[in-house]
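Beneath this line is the structure, given in structure tokens, with notes to follow.
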Amino acid sequence: MMKDRLSDLVKILTIVLFVTTSITSFSQEIPTDAAAISAGEALFNGNCKSCHRVKQKLVGPALAGVEGRAPSISWILEWVKNPAKKIASGDEYANKIYNEYNKSQMTAFTSYTDAQILSILAYVKSEAAKPDAPPPGKDPQVTGETGSGVPSSYMNTILGGMILILVLMLVILGLIVNALKRFLNQKELTAEDAEVVNSPYTFSSVTRSTGFIFLVTFLVASIGFKTVIDGLYSIGVQQDYQPKQPIAFSHKLHAGSYEINCKYCHTGVMKGKQANIPSPNICMNCHTQIKQESPEIQKIYAAIGYDPKTASYTGKQKPIEWVRIHNLPDLAYFNHAQHVNVGGIECQTCHGPIQEMEVVKQYSLLTMGWCIDCHRKTEVNTKDNAYYDKLNELHLSAKKSKMKVEDIGGLECAKCHY
Ligand code: HEC
Ligand code: HEC
Ligand code: HEC
Ligand code: HEC
Ligand code: HEC
Ligand code: HEC
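The working numbering puts the first residue of the sequence shown at 2, with every later residue one more than the last.
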């Protein structure tokens, strides 16, 4: 009996030992130090996040646990460097996931070193070990409205309503007083009562008095004046312009909940004048699979001439007519790359919290005063920009304050006007 038990125990122990050693030998190549993890995080966010999440399926599989799922670590290294080659080689696992993900191509990262890929795996592993975050969209930061309190447009409506109610109450009171007076005058009254009833301060005498007329005229005139002035100032200004778009595309979902980088879609921002509205090809990177059945997504298919049933292109295209929101007049020149790439300004500084907007609206005034105001206030981003080194030195030797955009010609008419 005793001997049997002992041999069972030995068996179990050897199995446990075998399993643990095999697991550790499996993952022993993945680094665990903080430096590798943070390097991996940057690489993952910059290059993998548009298609992968750690714990969630997106375009590609959730990467958590991949080191145990894939045939080996060296398999993963080869795959990331060249997925197409791995699939073409007839590799069983590669073809299995490729088919599982509707034959969508993962980008090849040919220039990655093993260390870089291992650092990504290190990051994935450390993220996978963390407890689950609350589901996307529930985050108060994402769902919260910008600013608190009652928006001024509501405030105006509420005030207007209150004034209207007051006037109505006055009119009704006046009518009641008149009716009562008529009724009382039909009766016999004592002299004292008659004096009260027929007092000179009747409703109509007050409303006809010069004081009252002056007050009302003054109020009406000043409200009218303010409206006209506001109207004049806002000619051509489209702040808060928020047209309905042909497809119910949500920045809150894509840029907020799914954290897709602005530059993934607005491909021009780092390179040139225009930020660009993405072509349907970019949407198709994901939507060949995601939400095929949605009528909104089918509008993308119609635009690009794609038949999801046969996964083929019909050649019949009909461009999506996005309504343009931000639009400077032709006389003004604005360049995105200059501000985003060279200046290092965040999109949100000018466009507001786009990642919280279900429907995009124009957040800033986009007037000349708005441009100039920022050029007066903002310091030039001279960090890591050899072009500015000399200028900055010159500037600092002449003036005490830091170099602002106005100091490099940001107020010259010809810089902004053709
Ligand atoms: C354009 C989208 C895209 C990008 C970008 C991308 N992947 Fe993938 N990845 C996929 C898809 C899709 C699959 C599933 C296989 C297939 O269809 O080719 C996949 C599969 C994988 C797998 C195998 C997963 C498993 O469950 O076995 C790994 C590992 C992987 N990707 C790592 C990466 C890493 C690391 C990066 C960034 C350096 C990256 N991927 C960037 C789309 C992408
Ligand atoms: C998945 C693709 C995608 C991502 C990611 C994305 N956008 Fe957009 N963006 C679009 C599309 C499509 C439109 C046009 C439809 C609309 O206005 O909603 C647009 C419109 C805009 C507009 C208004 C353009 C106009 O007509 O004047 C701004 C500004 C903008 N995006 C900024 C951003 C910023 C900032 C981010 C990152 C926080 C971002 N976008 C992320 C696809 C994207
Ligand atoms: C990087 C991947 C990705 C890209 C690129 C992308 N989307 Fe999406 N989109 C998603 C995900 C993920 C969802 C949410 C699916 C869900 O709710 O299950 C989604 C949802 C949507 C929905 C809501 C569908 C519905 O009925 O709920 C619309 C509309 C949409 N996308 C339009 C677009 C358009 C237009 C583009 C191109 C400008 C685009 N998407 C680009 C990933 C992407
Ligand atoms: C310094 C302010 C500023 C910053 C920063 C900025 N934008 Fe813009 N954006 C503008 C102005 C001004 C326009 C209108 C341009 C025009 O009509 O020529 C515009 C227009 C756009 C448009 C409409 C299409 C186009 O190309 O004109 C998109 C999309 C857009 N911006 C996206 C972005 C994204 C994404 C970022 C961040 C990567 C960004 N912007 C950063 C000021 C800014
Ligand atoms: C949020 C602040 C901000 C706003 C708003 C802004 N700019 Fe700028 N702008 C900058 C900064 C910072 C630079 C300097 C970038 C650099 O280092 O070259 C710059 C540079 C420029 C330059 C190049 C100046 C030079 O001498 O090289 C032009 C032209 C320009 N902006 C035009 C505009 C126009 C037009 C608008 C309004 C539609 C505008 N900017 C709105 C911050 C802003
Ligand atoms: C930083 C960029 C910038 C600079 C510098 C600048 N402007 Fe402008 N200007 C603009 C923009 C943007 C508009 C369009 C504003 C609008 O539509 O409200 C504009 C509009 C104008 C208009 C047309 C006004 C209208 O209501 O249509 C005139 C005239 C003008 N600018 C003259 C000048 C002169 C003169 C200078 C030099 C002293 C100058 N601007 C410098 C950006 C600039």
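Beta carbons: idealized from backbone N, C-alpha and C, even for Gly.
Just so we're clear, the structure is a prediction, and the values are computed from it rather than from any experiment.
Cutoff 7 Å; reference residue i; Cβ partners in own chain excluding five residues on either side
i              : result
valine 406     : His376, Thr379, Val381
aspartate 140  : Low local confidence applies: a pLDDT of 39 at aspartate 140 is under 50, so the model's placement there is unreliable, and no value is given.
leucine 329    : Phe335, Leu367
proline 32     : Leu119, Ser120, Ala123
lysine 403     : Glu380
isoleucine 355 : His252, Ala256, Cys348, Gln349, Val361
isoleucine 298 : His288, Lys292
threonine 111  : Lys82, Asn83
glutamate 359  : Ser251, Lys253
leucine 78     : Asp115, Ile118
Assumed close pair residue i, residue j - CB separation to whole angstroms, cut-off 8 Å
i              : j              : result
proline 320    : isoleucine 301 : In fact, because the Cβ distance is near 11 Å, the residues do not count as touching under 8 Å.
alanine 129    : lysine 58      : With 8 Å as the limit, alanine 129 and lysine 58 do not qualify as a contact, their Cβ atoms being about 14 Å apart.
valine 81      : isoleucine 38  : With 8 Å as the limit, valine 81 and isoleucine 38 do not qualify as a contact, their Cβ atoms being about 17 Å apart.
valine 60      : serine 90      : 23 Å between Cβ atoms; not a contact.
glycine 1      : histidine 327  : Absent from the structure is residue 1, since the part of the chain shown begins at 2 and ends at 419.
aspartate 241  : glutamine 318  : In fact, because the Cβ distance is near 33 Å, the residues do not count as touching under 8 Å.
methionine 259 : leucine 332    : Here the sequence assigns tyrosine to residue 259, which means methionine is not the residue at that position. 38 Å between Cβ atoms; not a contact.
valine 125     : alanine 65     : 6 Å
glutamate 30   : isoleucine 74  : 5 Å
asparagine 157 : methionine 271 : In fact, because the Cβ distance is near 41 Å, the residues do not count as touching under 8 Å.
glutamine 246  : tryptophan 323 : 6 Å
glutamine 275  : asparagine 103 : About 32 Å separates the two Cβ atoms, so there is no contact after all.
Residue i, enclosing alpha helix (DSSP H) - first and last residue
i              : result
cysteine 414   : 414–417
glutamate 128  : 115–129
cysteine 49    : Where cysteine 49 is concerned, there is no enclosing alpha helix (DSSP H), given that its DSSP letter is neither H nor E.
histidine 267  : Per DSSP, histidine 267 belongs to no alpha helix (DSSP H) and is neither H nor E.
arginine 70    : 67–70
serine 75      : 74–82
histidine 53   : Premise fails: histidine 53 is in no alpha helix (DSSP H) and is neither H nor E.
glycine 91     : Counting along the chain, glycine 91 falls outside any alpha helix (DSSP H), and DSSP gives it neither H nor E.
lysine 300     : 296–305
methionine 285 : 281–288
Nonlocal neighbours in the same chain, by C-beta distance under 8 Å from residue i, ignoring five residues either side
i                 : result
phenylalanine 213 : Val207
histidine 340     : Ile346, Cys351
valine 238        : Leu366, Leu367, Thr368
aspartate 308     : Tyr302, Tyr314, Thr315
aspartate 390     : Thr383
Neighbourhood of residue i by C-beta distance below 6 Å, restricted to the same chain and skipping five residues each side
i                : result
phenylalanine 27 : Confidence is the limiting factor: at phenylalanine 27 the pLDDT is only 44, short of 50, which leaves the residue's position unreliable, though a coordinate-based value still follows. There are no such residues.
alanine 249      : Glu297
glycine 306      : Tyr314, Thr315, Gly316, Lys317, Gln318
threonine 144    : Caution applies to threonine 144, whose pLDDT of 34 falls short of 50 and renders its modelled position unreliable; the model cannot decide the point.
threonine 191    : none
glycine 273      : Ala338
> Who's in the neighbourhood of ligand 4, going by beta-carbon under 5 Å from any heavy atom, listed in chain order?
Replying inline: Per the CB criterion, closer than 5 Å to any heavy atom of ligand 4, the qualifying residues run in chain order as Cys263, His267, Val270, Gln275, Ala276, His327, Asn328, Leu329, Phe335, His340, Val341, Ile346, Cys348, Cys351.
> Going along the chain, which unbroken runs of the beta strand (DSSP E) with 3 or more residues stay wholly within the stretch 317–348?
Replying inline: none
>> For a minimum of 4 consecutive residues, which ranges assigned as the alpha helix (DSSP H) are wholly contained in the stretch 379–413?
In response: The DSSP assignment places complete alpha helix (DSSP H) segments of no fewer than 4 residues inside the stretch 379–413 at 387–399, in order along the chain.
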